[in-house]
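Residue numbers (this note's numbering), protein chains in the order written: chain E, 1 to 333; chain W, 334 to 636.
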């Protein structure tokens, strides 16, 4: 919804990446020097390697101290590898469209996928890269038909005995008139409920934005992982700041307070693991990031081998029933 | 999620008065000297508070069903003397050190002191015209009925209790959605409640959820929408996103009646709209249908 965002807010959004300025400066110095070396055939290799070392150190340092609000902005970075980039890197992908009731929501892409020796059903939020694609995908904000399409394909996977892999990357489910008319809340609720009972393994990876109910609508799994600089939250920092602080400028405070980074979620026990990103974030080296995600998927899918369907369902329900609870805090029936 | 803070303090407080919270009433009366009258949210007419209370908090002019405090709801649907509350001592804790100017821990404490209950969800056993049920009421007057860990846990416990006792589960919701102060933990309650309900339904449990004014966000998008029968009170605002969020997203005025119970009925999203005055009788009749195809006592033959 970038186009709808008023100017001051857009500037704020941009400033969320201002922490990268020292990196950017070194990167452009490096590019200039490399161009100079090519043009003039001067031997400046020692200068170049000095800058490269400095760049590496600064990048690592900057990302080691990255704050929650900066993380949110990295997760939203337009160069960050998203569903379609990751799909392009699969060995095969056969898209299956539509909820067979209302429409084919492009904000969620579903289909049969192959990676190395593994077949699975892929369900992923799609944001689009070009302006045209972004509009078609509604910036990754799905309508009820998107959630119903996801459910249909997950049920199909269950029938076919295929594991399900979900990639979460959405600012949130779409808040609009049509979405409400067609039961946005019910569609998400039905997905959550049905995913608690799927008899095949479900692997969930938050690859960018984990926007609230819109994320959870395809996010109930046996294993839930997050990419290092992804975020997952009950509400956007902007929404939280506007409601609780009554001040849209307090997004950074809201982001910190919400504990929405991969590190926070791992500590709380909400996710099972973090997929490391290349130094400086996935947007700096998309291919490296995609490789790491693929390695993780293969490892996780192999880890499901031999689990019985009943065992899977019982464990998944148990996991969510006592999700992140402090032992002994609640009574039992 | 909990994007609409439609708290209606004057209105919620009156409910406590009725339950004899005298200390509270004295303090509140000083603060709100004009509390004798209030404006109807539905038609804008001024209503005499006492009259509203006598009419189960429905507007005498337009029948608008005001938010009903949890305790009053129990009095309305549960047979006198049959109510037995469970899990009433579970309190919320501030696991994230959430501070919006007021620390969350302090906010909870204030809400507890104000309402004389420990959390937004009240759950227990009772009978509805003699039919035993487990009842869970999400009380909008306690922090906007927002769902944090305790509310989620109590919904799950209610489903488990109903499963164990072989009773139907009846729920009433009034909520702004997930409780932001508990961050991702509150979002996870959506899955927790659904996991417990999945288990309950699979074992043959029967559930009814009544959506009351207002029910939005993570509550609508989880347990409130997956029960066997979904009822709504007239005029109740029900939705995923709050109307203000939608209006600011689409930059358009919303159509009249949008997200009201009647709108949802027309769009096929709820099974029935039931007036508050008929709620208890309707619930009893619906519960009977879950007892099997043969009537225990056949109707008397018509003369």
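Glycine is no exception: its CB is placed at the ideal position from the N, C-alpha and C atoms.
Please read all numbers here as calculations on a predicted model, not as lab measurements.
Nearest chain E C-beta to residue i closer than 7 Å, yes or no?
i                     : result
residue 519 (chain W) : yes
residue 457 (chain W) : no
residue 564 (chain W) : no
residue 523 (chain W) : yes
residue 317 (chain W) : It is not possible to answer for residue 317 (chain W), since the shown part of chain W is limited to 334 through 636.
residue 421 (chain W) : no
residue 364 (chain W) : For residue 364 (chain W), the pLDDT reaches just 39, beneath the cut-off of 50, and the residue's location in the model is therefore unreliable, leaving the point undetermined.
residue 497 (chain W) : yes
residue 477 (chain W) : no
residue 573 (chain W) : yes
residue 429 (chain W) : yes
residue 494 (chain W) : yes
residue 529 (chain W) : yes
residue 342 (chain W) : Note that residue 342 (chain W) has pLDDT 36, beneath the 50 cutoff, so the model's placement of it is unreliable and the number below is only indicative. So no, residue 342 (chain W) is outside the interface.
residue 481 (chain W) : no
residue 358 (chain W) : Because residue 358 (chain W) carries a pLDDT of 39, less than 50, the predicted location of this residue cannot be relied on, and the following value inherits that uncertainty. So, not an interface residue.
residue 339 (chain W) : Per-residue confidence for residue 339 (chain W) stands at a pLDDT of 43, beneath the threshold of 50, marking its modelled position as unreliable; no derived number is given.
residue 559 (chain W) : yes
residue 361 (chain W) : Residue placement at residue 361 (chain W) is flagged as unreliable, the pLDDT there being 40, under the threshold of 50; a coordinate-derived value is accordingly withheld.
How should residue i be labelled, buried or exposed, when 16 other C-beta atoms within 10 angstroms of its C-beta is the threshold for buried?
i                     : result
residue 287 (chain E) : exposed
residue 366 (chain W) : At residue 366 (chain W) the pLDDT is 42, less than 50, meaning the model places this residue with poor confidence; the figure from the coordinates comes in the next sentence. Exposed is the call here.
residue 53 (chain E)  : exposed
residue 222 (chain E) : buried
residue 632 (chain W) : exposed
residue 355 (chain W) : Any reading at residue 355 (chain W) is ruled out, since the residue's pLDDT is 37, under 50, leaving its predicted position unreliable.
residue 406 (chain W) : buried
residue 319 (chain E) : buried
residue 509 (chain W) : buried
residue 65 (chain E)  : exposed
residue 627 (chain W) : exposed
Please confirm whether residue i has its beta-carbon closer than 7 Å to some beta-carbon of chain W.
i                     : result
residue 323 (chain E) : yes
residue 197 (chain E) : yes
residue 69 (chain E)  : no
residue 227 (chain E) : no
residue 334 (chain E) : Any answer about residue 334 (chain E) is impossible in this case: the structure gives chain E only from 1 up to 333.
residue 270 (chain E) : yes
residue 312 (chain E) : no
residue 56 (chain E)  : no
residue 317 (chain E) : yes
Taking the continuous beta strand (DSSP E) assigned at residue i, which residues delimit it?
i                     : result
residue 545 (chain W) : 540-548
residue 110 (chain E) : 108-115
residue 417 (chain W) : 417-419
residue 92 (chain E)  : 92-95
residue 169 (chain E) : 164-170
residue 275 (chain E) : 273-275
residue 460 (chain W) : 454-461
residue 567 (chain W) : Note, residue 567 (chain W): premise wrong, no beta strand (DSSP E); not H, not E.
Rounded to the nearest angstrom, what separates residue i and residue j at their Cα positions?
i                     : j                     : result
residue 403 (chain W) : residue 225 (chain E) : 39 Å
residue 256 (chain E) : residue 459 (chain W) : 44 Å
residue 572 (chain W) : residue 50 (chain E)  : 58 Å
residue 527 (chain W) : residue 581 (chain W) : 30 Å
residue 231 (chain E) : residue 289 (chain E) : 16 Å
residue 62 (chain E)  : residue 161 (chain E) : 44 Å
residue 134 (chain E) : residue 125 (chain E) : 12 Å
residue 90 (chain E)  : residue 298 (chain E) : 12 Å
residue 464 (chain W) : residue 504 (chain W) : 15 Å
residue 629 (chain W) : residue 111 (chain E) : 51 Å
residue 531 (chain W) : residue 26 (chain E)  : 54 Å
residue 263 (chain E) : residue 400 (chain W) : 40 Å
residue 359 (chain W) : residue 443 (chain W) : With a pLDDT of only 39 at residue 359 (chain W), under 50, the local geometry of the prediction cannot be trusted, and the value read off the model is given with reservation. The straight-line gap from Cα to Cα measures roughly 17 Å.
residue 274 (chain E) : residue 67 (chain E)  : 17 Å
residue 322 (chain E) : residue 489 (chain W) : 10 Å
residue 137 (chain E) : residue 313 (chain E) : 32 Å
Within the continuous alpha helix (DSSP H) that includes residue i, where are the two ends?
i                     : result
residue 313 (chain E) : 309-321
residue 372 (chain W) : Here residue 372 (chain W) belongs to no alpha helix (DSSP H); instead the beta strand (DSSP E) covers 370-372.
residue 29 (chain E)  : 21-40
residue 441 (chain W) : 437-448
residue 596 (chain W) : 594-599
residue 63 (chain E)  : 45-64
residue 131 (chain E) : 131-136
Nearer than 6 Å: is that true of the beta carbon of residue i relative to any heavy atom of the ligand GDP?
i                     : result
residue 497 (chain W) : In terms of ligand content, the structure shown is empty, and the ligand GDP therefore cannot be addressed.
With residue i and residue j assumed to form a contact (beta carbons below 8 Å), what rounded beta-carbon distance in angstroms separates them?
i                     : j                     : result
residue 215 (chain E) : residue 170 (chain E) : 6 Å
residue 480 (chain W) : residue 552 (chain W) : 6 Å
residue 72 (chain E)  : residue 16 (chain E)  : 7 Å
residue 324 (chain E) : residue 513 (chain W) : That pair is no contact at about 16 Å.
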